[in-house]
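These protein sequence lines map, in sequence, to chains A and B. Under this note's numbering, the first residue of the first sequence is numbered 77, with each subsequent residue one higher. Under this note's numbering, the first residue of the second sequence is numbered 77, with each subsequent residue one higher. Below: the structure, in structure tokens.
Number of protein chains: 2
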Amino acid sequence: MTTIKDISKHVGVSVSTVSRALNSSGYVSPEVKRKVMAAAEELGYIPNETARTLNTSISKVIGVLVPDITNPFFPKIIRGIEDAALEKGYRIIIGNTDHDAEKEKKYVEMFHQNNCLGIISATWSIDGPGANSRIPIVLLDRVVDDSISVQADHYKGGMLQAEHLIDSGATKILLIQGPDTYSSFVDRYNGALGTLKHNNIEFSILEYGPSADPMGNINDGIIRKYDGFICPNDLLAYRLLNFMYENGVEVPAEARVIGYDDLEFSKYVYPSLTTIRQPAYELGEKALKTLLEYKDGIVTDKRNFDVQLIKRNST
Amino acid sequence: MTTIKDISKHVGVSVSTVSRALNSSGYVSPEVKRKVMAAAEELGYIPNETARTLNTSISKVIGVLVPDITNPFFPKIIRGIEDAALEKGYRIIIGNTDHDAEKEKKYVEMFHQNNCLGIISATWSIDGPGANSRIPIVLLDRVVDDSISVQADHYKGGMLQAEHLIDSGATKILLIQGPDTYSSFVDRYNGALGTLKHNNIEFSILEYGPSADPMGNINDGIIRKYDGFICPNDLLAYRLLNFMYENGVEVPAEARVIGYDDLEFSKYVYPSLTTIRQPAYELGEKALKTLLEYKDGIVTDKRNFDVQLIKRNST
DNA sequence: TTGTATGCGTTATCAG
DNA sequence: CTGATAACGCATACAA
């Protein structure tokens with residue numbers, strides 16, 4: 077491995093001069109700079125980030141926490157983060173927490189160990205270990221009071237869900253609740269709930285049980301009682317649709333189903349899923365930019381993204 | 077941030093003693109060790125990986141390269157890698173290459189800069205920049221001669237595809253080719269091709285064009301000419317199924333479709349997709365283990381995973 | 001069993 | 001404009 081020391085010998089100047097030349101910091105004669113650059117090229121010099129980090133105690137690595145990368149909503153976000161990061165010379169370390177506070181803690185510690193410059197987290201225990209993190213954190217799609225966050229307008233998303241179901245002729249609606257520990261789910265739930273009440277529509281709520289899987293409470297009897305279903309996300313809607321198909325429930329004739337997220341696959345399920353699109357990629361991008369600005373002491377305001385109804389064949 | 081120096085002051089011993097105590101390397105009296113541990117706990121000591129890495133020039137970070145994390149096949153692999161890595165105290169940096177040799181090169185350089193311990197890559201230009209990487213590389217689902225690799229038995233997978241289509245009554249088959257630069261696609265293609273020929277079945281080949289999107293060559297006329305379709309992966313099968321649905325082609329009555337990968341969503345598309353399952357998660361796990369062993373000079377043999385037919389309603 | 005000294009590669013300070 | 005030199009936090013060979 078070639079170091080600046082090698083270059084300094086090669087050119088016949090001191091390491092500090094090489095360092096300055098390479099970083100264009102401080103004064104270096106054009107002549108020397110040219111030589112240094114040439115030598116660096118010739119010797120195949122690659123700067124050692126580790127050493128730089130140790131010295132400056134600021135690395136170019138950003139920790140990213142998601143519940144589970146296997147849920148296709150997150151890869152989109154991650155791409156958004158990563159593309160923006162790459163462009164600015166940063167890299168990301170990803171941690172899957174599985175909503176497990178222990179894992180979360182472990183990863184946060186790891187991020188500290190690696191002198192990460194910041195953390196972007198789409199999963200955060202309210203009273204989680206992030207509390208005593210000394211590196212900046214941007215919350216993604218999660219709002220916890222007085223922390224920086226980037227999210228979509230989920231309250232509106234929930235309203236859109238309910239409105240559309242009503243518009244498309246549903247008269248008895250089942251509102252399926254998502255995890256109540258995440259603001260993004262709580263908001264969309266409240267949005268839908270408010271709209272349902274406001275319209276004086278008959279509806280019931282399927283609470284998010286301890287099993288953490290609403291499908292566990294779905295059966296043929298329940299399905300037949302409603303003609304409209306509001307799902308907390310597309311993944312659940314897929315399974316509901318599947319259940320209905322297998323039980324001979326006609327969608328959307330007998331039952332209308334609306335999801336949330338607009339995953340890429342929602343076009344391909346049967347029937348294709350009406351849903352709420354949230355701009356995952358852009359959320360990721362914005363989160364990264366916000367983090368970088370925050371680090372520099374800039375605090376932007378607009379960190380709320382609009383959502384949008386995508387009408388397909390399930391309603 | 078508390079360092080071993082702080083601990084050494086606190087306890088009243090030298091930093092080297094603290095270091096030894098913390099790492100259980102070399103002799104330390106039980107008494108002192110206890111004190112050091114207590115102090116570390118009390119002061120909330122977190123070892124600085126950067127410093128350790130600089131010193132030993134071996135980090136606990138592993139670079140992972142995939143074409144695009146947005147393709148749901150890769151998150152599964154990544155989880156496999158990450159879970160195995162976490163367990164052994166390693167972390168991963170992910171890079172999306174989009175099959176772009178430039179990006180690939182950039183990431184490999186990054187991995188070097190960060191003193192990564194190794195690279196696991198599911199995307200590799202044959203004559204790519206990895207050639208002159210001095211850190212160990214394990215190829216995932218890609219075989220390039222005389223490099224370490226972990227993959228599924230795609231030749232068999234291709235055979236299974238063809239066999240099953242024939243068994244299910246197809247008489248005129250369209251074999252859709254995947255990217256010919258990846259061994260995993262080439263193998264499954266050859267497997268299917270061999271079986272088709274061997275069975276004397278009538279078939280055609282839809283070559284992988286420069287557009288890189290076989291759907292571009294699909295139209296109603298072509299669809300009607302065959303009653304069996306072999307897809308290089310599930311994602312393409314989804315789109316094909318969708319096209320057929322929209323054009324009123326009955327599946328599987330008029331056309332049988334088989335995919336490859338068995339993504340989670342293949343159960344939910346319409347009709348549910350018959351496909352070949354490859355153990356993505358296990359591939360990831362194995363890749364990590366192989367890398368770790370390789371680093372230690374151990375070279376294992378069995379790095380070939382079996383694949384399996386998953387019969388659903390599209391055939 | 002413990003402490004001292006050195007180095008990992010880089011940047012930053014300060015004197016020349 | 002340039003060059004010593006210290007420092008970042010840790011691990012280790014060697015001395016005590």
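We treat Cβ as the ideally placed atom computed from N, Cα and C, and that holds for glycine. None of the values given here were measured: they were computed from a predicted structure.
From the listed residues Cys192(A), Arg210(A) and Val89(A), the smallest Cα separation to Met77(B) is found for Arg210(A).
Within chain A, the C-beta atoms nearer than 7 Å to that of Asn190(B) come from Glu125 and Thr126, in chain order.
At a Cβ-Cβ threshold of 8 Å, Gly194(B) and Tyr183(B) do not count as neighbours.
For Asn318(A), the closest C-alpha among the options Pro347(B), Ala127(B), Tyr357(B) and Pro286(B) is that of Pro347(B). Along the stretch 207 to 291 of chain A, the beta strand (DSSP E) occurs as fully enclosed runs of 3 or more residues at 213 to 216, 225 to 228, 248 to 252 and 278 to 282, listed in sequence order. 8 Å or more divides the Cβ of Arg332(A) from the Cβ of Leu269(A). Listed along chain B is no residue with a C-beta nearer than 9 Å to that of Glu107(A); the closest approach is about 28 Å. Secondary structure note for Arg300(A): its alpha helix (DSSP H) is the uninterrupted segment Asp296 to Lys301.
For Phe305(A), the enclosing beta strand (DSSP E) starts and ends at Gly304 to Ile306. About 16 Å separates the CB atoms of Leu312(B) and Ile386(B); that is not less than 8 Å, and the two are not in contact.
Following the DSSP letters along the chain, one finds Thr391(B) in no beta strand (DSSP E), marked with neither H nor E.
Listed along chain A, the residues sitting closer than 7 Å to Arg155(B) by beta-carbon distance are Ile145, Thr146 and Asn172. The C-alpha of Glu180(A) is placed about 18 Å away from the C-alpha of Pro255(A). For Arg155(A), the enclosing alpha helix (DSSP H) starts and ends at Phe149 to Glu163.
Between the stretch 160 to 169 of chain A and the stretch 98 to 113 of chain A there are fewer than three inter-stretch CB-CB distances shorter than 8 Å, so the stretches are not counted as touching. Taking 8 Å as the upper bound on Cβ-Cβ separation, chain A lies near no residue of the stretch 355 to 380 of chain B. Non-local C-beta neighbours of Val112(A) in its own chain, meaning closer than 8 Å and more than five positions away in sequence, comprise Ile83, Val87, Val89, Thr93, Val94, Ala97, Leu98 and Val104, ordered along the chain. At least one CB atom of chain B sits nearer than 8 Å to the CB of Thr129(A). Within the same chain, Ala198, Gln227 and Ser260 come within 6 Å of Asp217(A) by CB-CB distance, once the 5 residues on both sides are set aside. With distances taken between CA atoms, Thr391(A) lies nearest to Pro328(A) out of Pro328(A), Leu339(A), Thr366(A) and Tyr357(A). Across the set Thr146(A), Ala246(A), Val214(A) and Pro151(A), the C-alpha of Pro151(A) shows the shortest separation from the C-alpha of Pro355(A).
For Asn147(B), the closest of Phe341(A), Asp382(A), Gln384(A) and Thr351(A) by C-alpha to C-alpha distance is Phe341(A). Residue contact check for Phe341(B) against chain A: a CB pair falls below 8 Å.
For Tyr314(B), a Cβ of chain A is located within less than 8 Å of the residue's own Cβ.
Per the coordinates, the alpha-carbon of Glu369(B) lies some 29 Å from the alpha-carbon of Glu158(A). For Asn131(A), the enclosing alpha helix (DSSP H) stretches over residues Glu125 to Thr132.
Remark: C-beta atoms of Ser133(A) and Glu125(A) do not approach each other more closely than 8 Å. Among the residues facing chain A, Ser135(B) is included, as its CB has a counterpart in that chain under 8 Å away.
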